[in-house]
Amino acid sequence: MLRLANIVKDYISGDSTVHALKGVSISFRKNEFVSILGHSGCGKTTLLNIIGG
518 MLRLANIVKD
528 YISGDSTVHA
538 LKGVSISFRK
548 NEFVSILGHS
558 GCGKTTLLNI
568 IGG
């Protein structure tokens, strides 16, 4: 099983901070197929990059 708890990722963009992930918690069971859905810019790729290391 893979478990993520309260994941936070922020990026600094000029004078502002972009909150890519705010307190995301999720778990995946062994042999489970999942899909990550959401609108453009919601943090899907950021989440997958964190999972992948």
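So in this note's numbering the end of the sequence shown lands on 570, straight run, no missing numbers. Idealized CB from N, CA, C, for every residue including glycine.
Quick check: what's the CA-CA separation for T534 versus S552?
If you take the alpha carbons of T534 and S552, they lie about 28 Å apart.
Please state whether DSSP places N523 in a helix, a strand or coil.
Assignment of N523 by DSSP, reduced to helix, strand and coil, places it in the strand class.
Determine the extent of the beta strand (DSSP E) in which G540 is found, giving its start and end residues.
Unbroken beta strand (DSSP E) run through G540: 533-545.
Would the beta-carbon of F545 fall within 8 Å of that of L564?
F545 is not a Cβ neighbour of L564, given a cutoff of 8 Å.
For A537, which residues of its own chain have a beta-carbon under 8 Å away from its beta-carbon, when the five flanking residues on both sides are left out?
Counting only Cβ-Cβ distances below 8 Å, and skipping sequence neighbours, we find K526, D527, Y528, G560, T563.
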